[in-house]
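Visitor:
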Amino acid sequence: MQTKTKTKLADLALITVALIWGVGFIASKAALVTITPLWVMTFRFLGSGILLLILFLKRVRWLDRRTVLMGMVVGSFMFAGMVFQTIGLDHTTASNQAFLIPSYVVLVPFVSWMMTRTRPRALDVAAALLTFVGVAVISLKPDFSMNLGDALTLAFAVVYSFQIVFLGLFVKETDVMSFTVVQMLTAGALSLFAALIFAPPLAGVSVSSALGIVYLVVFNTAVAFLIQNIAQQYTTSTHASLLISLESVFGLIVSVIFLHDPFGPRMALGCGLVFAAVLLSKLELKKEKEPLSLK
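The sequence shown begins at 472 in the working numbering and counts up by one.
This is the structure in structure tokens:
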């Protein structure tokens, strides 16, 4: 398959991931009704890890030490980030979190620069800043205050920026299926350990929470992260972060429709700015006509 075709398919795959995660805000909110955050993470990551292990058992049998170490590194970042995101969602609205999360796109170009010594393109930085403006427009209160959930969500964005850069480096050097299994099981094991120490015992799980967990395990985690890991083999971390940031738009739409979160002109403006940032990045890619000048 030609590189240009692979690049386009990778873009489509990452947009699909953004859609899955956008809908996932609803599933996460439902799961958190009767299940505490650390137990949600435990079910989510251990469940997806076991599911992927069953599906790709033959490939996982040939795990090498390097793949295990790389998977554990990214899995540890995933655990840390999800602690902030899941607990943060318990203290803010789904629509607010949907727009705060993409603030990681501002950090990714610079984290990537720090890790790879490759200077980000001017347009990448401009697109990242435009996304951040969209986030600020939608999330900041009139007095520029933020609640605890908003602050925790921003902490997730910092951690996730490192996760996505490490992921972009590692998936080009290892078997993606095996890597993803290790990544999920690592995050799941850390979540279980934390839940056993800090979370109260499970009691009275509702049907809606159980269904939310099922969606998180199968689609939000196993399917979405596997797709992301494969797609990032054919693009840069910076470009991937811009496409994945569309989850904020999808998250806003489903939160307003199904959770009846408030919607106003500021949200519409923020949504438009995020879209504009993605289009800004794509316009230069077409102009340069370099399949991997994603870089």
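C-beta atoms are modelled at their ideal positions from N, C-alpha and C, and glycine is treated no differently.
Do you know whose CA, among Ala593, Leu524, Pro508 and Ile506, lies nearest Val647's CA?
Guide: Within the sequence shown, numbered from 1, the residue matching residue 647 stands at position 176. With distances taken between Cα atoms, Val647 lies closest to Leu524.
Visitor: Going by CA-CA distance only, name the one from Phe650, Ala681 and Gly683 that's closest to Phe637.
Guide: Taking the sequence shown and counting its residues from 1, one reaches residue 637 at position 166. It is Phe650.
Visitor: Assuming the contact rule is C-beta atoms closer than 8 angstroms, Ser574 and Val606 should be a hit. Round their C-beta distance to whole Å, please.
Guide: As a position in the sequence shown, residue 574 is number 103, starting the count at 1. As a position in the sequence shown, residue 606 is number 135, starting the count at 1. Their Cβ separation, rounded to whole angstroms, is 5 angstroms, which keeps Ser574 and Val606 in contact under 8 angstroms.
Visitor: What are the complete alpha helix (DSSP H) segments, minimum 4 residues, inside the region 713-748?
Guide: 718-729
Visitor: Does the beta-carbon of Ser574, which I'm using as the reference point, lie nearer than 6 angstroms to any heavy atom of the ligand GTP?
Guide: Annotation note on the ligand GTP: not contained in the displayed structure, which lists no ligands.
Visitor: CB Leu540 to CB Ala670, shorter than 7 angstroms?
Guide: Translated into positions along the sequence shown, residue 540 becomes position 69. Translated into positions along the sequence shown, residue 670 becomes position 199. No. Outside cutoff.
Visitor: If I measure Cβ to Cβ from Leu763 and keep anything under 7 angstroms in the same chain, skipping five residues before and after, which residues do I get?
Guide: The count along the sequence shown starts at 1 and reaches residue 763 at position 292. Only weak support is given to the placement of Leu763: the predicted model assigns it a pLDDT of 37, under 50, and the value that follows is read from those uncertain coordinates. Thr474 and Thr478, listed in sequence order.
Visitor: Assign Val678 to one of two classes, buried (16 or more other C-beta atoms within 10 Å of its C-beta) or exposed (fewer than that).
Guide: In the sequence shown, the residue the question calls residue 678 occupies position 207. Classified as exposed, Val678 has fewer than 16 neighbouring CB atoms from the shown chains inside 10 Å of its CB.
Visitor: With distances taken from CA atoms, which of Phe603, Arg590, Glu644 and Arg588 is nearest Leu740?
Guide: On the sequence shown, position 269 is the one that residue 740 refers to. For the residues Phe603, Arg590, Glu644 and Arg588, the minimum Cα distance to Leu740 belongs to Phe603.
Visitor: So, with DSSP's three-state summary, where would you put Ala670?
Guide: For the purposes of this step, residue 670 is taken as residue 199 along the sequence shown, with counting starting at 1. Here Ala670 sits in coil by DSSP.
Visitor: Which residue's Cα is closest to the Cα of Ala622: Val642, Cys742, Gly546 and Leu571?
Guide: Here residue 622 corresponds to residue number 151 of the sequence shown, with the count starting at 1. Looking at Val642, Cys742, Gly546 and Leu571, the one whose alpha-carbon comes closest to that of Ala622 is Leu571.
Visitor: Skipping 5 residues on each side, what residues in its chain have a beta carbon closer than 6 angstroms to that of Gln568?
Guide: Counting from 1 along the sequence shown, the entry for residue 568 is found at position 97. Around Gln568: Leu560 and Thr624.
Visitor: Buried or exposed, going by whether 16 or more other CB atoms sit within 10 Å of the CB of Lys643?
Guide: The residue given as residue 643 occupies position 172 in the sequence shown. So Lys643 counts as exposed.
Visitor: Report yes if the C-beta distance between Phe721 and Val727 is below 7 angstroms; otherwise report no.
Guide: As a working mapping, residue 721 is identified with position 250 in the sequence shown. As a working mapping, residue 727 is identified with position 256 in the sequence shown. For Phe721 and Val727, no; Cβs fall outside 7 angstroms.
Visitor: Name the residue from Met543, Leu751, Ile491 and Thr707 whose alpha carbon lies nearest to the alpha carbon of Gly659.
Guide: For the purposes of this step, residue 659 is identified with residue 188 of the sequence shown, where counting begins at 1. It is Met543.
Visitor: Between Ile698, Ser632 and Met549, which lies nearest to Ala481 when the distance is taken from Cα to Cα?
Guide: Translated into positions along the sequence shown, residue 481 becomes position 10. Measuring from the Cα of Ala481, the nearest candidate turns out to be Ile698.
Visitor: Distance, Cα to Cα, Leu765 vs Arg536?
Guide: Mapped onto the sequence shown, residue 765 falls at position 294. Mapped onto the sequence shown, residue 536 falls at position 65. With a pLDDT of 35 at Leu765, under the threshold of 50, the modelled position of that residue is not reliable, and no figure is offered here.
Visitor: Here's the rule: buried if 16 or more other CB atoms are within 10 angstroms of the residue's CB, otherwise exposed. What is His731?
Guide: Working through the sequence shown from its first residue, we reach residue 731 at position 260. The residue in question, His731, is exposed, as its Cβ has fewer than 16 Cβ neighbours within 10 Å.
Visitor: Quick one: residues in its chain with C-beta nearer than 6 angstroms to the C-beta of Leu450, no 5 flanking neighbours on either side, listed in chain order?
Guide: Residue coverage of the chain in this structure runs from 472 to 766, which leaves residue 450 outside it and unanswerable.
Visitor: If Leu714 and Ile486 are in contact, beta carbons under 8 angstroms, what's the gap, nearest whole angstrom?
Guide: For the purposes of this step, residue 714 is taken as residue 243 along the sequence shown, with counting starting at 1. For the purposes of this step, residue 486 is taken as residue 15 along the sequence shown, with counting starting at 1. At roughly 6 angstroms, the Cβ-Cβ gap stays under 8 angstroms, so Leu714 and Ile486 are in contact.
Visitor: List the endpoints of the continuous alpha helix (DSSP H) containing Arg588.
Guide: Taking the sequence shown and counting its residues from 1, the one referred to as residue 588 is at position 117. First-last for Arg588: undefined, no H or E at that position.
Visitor: How close, in whole Å, do the beta carbons of Leu687 and Ala498 come, if the pair is a contact with beta carbons under 8 angstroms?
Guide: Numbered from 1 along the sequence shown, position 216 holds the residue referred to as residue 687. Numbered from 1 along the sequence shown, position 27 holds the residue referred to as residue 498. Indeed they touch by this definition, with Cβ atoms about 5 angstroms apart.
Visitor: I think Leu619 touches His562, with their Cβ atoms under 8 angstroms apart; what is that distance to the nearest whole Å?
Guide: If you number the sequence shown from 1, residue 619 lands on position 148. If you number the sequence shown from 1, residue 562 lands on position 91. At roughly 5 angstroms, the Cβ-Cβ gap stays under 8 angstroms, so Leu619 and His562 are in contact.
Visitor: First and last residue of the alpha helix (DSSP H) that includes Ile572?
Guide: The residue you call residue 572 lines up with position 101 of the sequence shown. Careful: Ile572 lies outside any alpha helix (DSSP H) and carries neither H nor E.
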